[in-house]
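Please read the structure below before turning to the comments.
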Amino acid sequence: MISVIIFYMVFALAALSAICIFLLKKLSYAVIALSFVFLGSSFVFLLINQDAIALLQLLVLVGGLSTYLIVAVSTEEHQLALFKPGYFVIALISLSLSFSILFNPSFAPQISTEQALDFAASAGAAIASGYALLYIAVAMLFVVVIGAVVVLKEFTELIV
Amino acid sequence: MIPFTYLLAIGLSLFGIGLAGIASEKHLVVILLSIEVIFASSTIILVSFFSFASNADPSALIMLVSIWAVAAAEIIALITFYVYMKSNGISFDISKLSKLKW
């Protein structure tokens, strides 16, 4: 039951990050949002017991390609304001379709009270075990990359 | 264990959001990033079908590796386009790119 609750959080992370790709005004923020989409799909693979695929997704897409993309695109200051909100209906229709699947009462999880009380105790153990260190390492890598880009921009402004 | 419909729900919603990103943007880089979102959703759906099948063949995951290869190649092509167009002052608006038009 804890995995279903974690799944809801991962769903929210991935969907909101995917919407943020074309709603944010700066291009470097959009690339960071894309890396969070990859991170969410890696969490999904971890939740359905496909550990090797989650690890490969984390190493190849999140660790390698997103870092490369952040460093390459970070010189762009402002994205062109080209968003047409009429086509945003497509995303809303698909989100409503998927939520109608998700909140169908025949598929809904039945949580008893003792399971809900047990959630607070088991959440910490579930987060701190298994592959959590890898996700912490990826988060630290992102912080280092973004900090390096910021420091580099400050430094080039000082020189030039 | 997550129910199968939940995985279809996240894959479907990510696919729709990526499709809306392609349809609603004219910036070249954002369109390619939305295609990356569609790749992520397709890997989620593929792995969930693989994980819930009773007699799954592990050689089906070759398809997954090929999806990753296409995504990686697309990111490399994106960075090449980005650096070239940025250094030559070409606009990223795809409605203004008319050199290959008939």
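So the sequences go chain by chain: A and B.
For the first sequence, this note's numbering assigns the number 160 to the last residue and increments by one with no breaks.
For the second sequence, this note's numbering assigns the number 102 to the last residue and increments by one with no breaks.
Where a beta carbon is used, it is the ideal one built from N, C-alpha and C, also for glycine.
Checklist entry - Opposite D93 of chain B in the DSSP bridges: which residues? => result D93 of chain B pairs with B:H27.
Next on the checklist: Strictly under 9 Å for the Cβ-Cβ distance: is V60 of chain A near chain B by that measure?
Outcome noted: By the rule that beta-carbons nearer than 9 Å mark a contact, V60 of chain A touches chain B.
Next on the checklist: Contact between the segment 14-25 of chain B and the segment 59-66 of chain B is defined here as three or more beta-carbon pairs at a separation below 8 Å; is this criterion met?
Outcome noted: Segments in contact, no.
Checklist entry - Anyone know if the C-beta pair for L78 of chain B and L61 of chain A falls short of 9 Å? => result No. Outside cutoff.
Checklist entry - When burial is assigned at 16 or more other CB atoms within 10 Å of the CB, is S42 of chain A buried or exposed? => result So S42 of chain A ends up on the buried side.
Checklist entry - According to DSSP, is D51 of chain A helix, strand or coil? => result Correct three-state label for D51 of chain A: helix.
Checklist entry - Any residues in the segment 19-37 of chain A with a beta carbon nearer than 8 Å to a beta carbon of chain B? Which ones, in chain order? => result Of all residues in the segment 19-37 of chain A, I19, I21, F22, L27, A30, V31, L34, V37 have a Cβ within less than 8 Å of some Cβ in chain B.
Checklist entry - Residues in the segment 30-53 of chain B with C-beta within 7 Å of chain A's C-beta atoms, listed in sequence order? => result Those residues of the segment 30-53 of chain B that come within reach of chain A (Cβ to Cβ, closer than 7 Å) are V30, L33, S34, E36, V37, A40, T43, I44, V47, S48, S51.
Item to check | Minimum C-alpha distance to G147 of chain A - residue among A:T67, A:I21, A:Y135 | outcome: Checked all of A:T67, A:I21, A:Y135; the closest Cα to G147 of chain A is A:T67.
Checklist entry - For E154 of chain A, does the count of other Cβ atoms within 10 angstroms reach 16, so buried, or fall short, so exposed? => result So E154 of chain A counts as exposed.
Item to check | Assigned secondary structure, K25 of chain A (DSSP; H/G/I helix, E/B strand, else coil) | outcome: Coil at K25 of chain A, not helix or strand.
Next on the checklist: Less than 9 Å between CB atoms is the rule here; does V83 of chain B satisfy it with respect to chain A?
Outcome noted: Contact with chain A is found for V83 of chain B, since one of that chain's Cβ atoms lies less than 9 Å from the residue's Cβ.
Checklist entry - Under 9 Å, do L47 of chain A and I94 of chain B count as touching if we go by C-beta distance? => result For L47 of chain A and I94 of chain B, no; Cβs fall outside 9 Å.
Item to check | Sequence-distant residues of its chain with Cβ nearer than 7 Å to V29 of chain B (five each side left out) | outcome: Within the same chain, V29 of chain B has close Cβ partners L78, Y82, F92.
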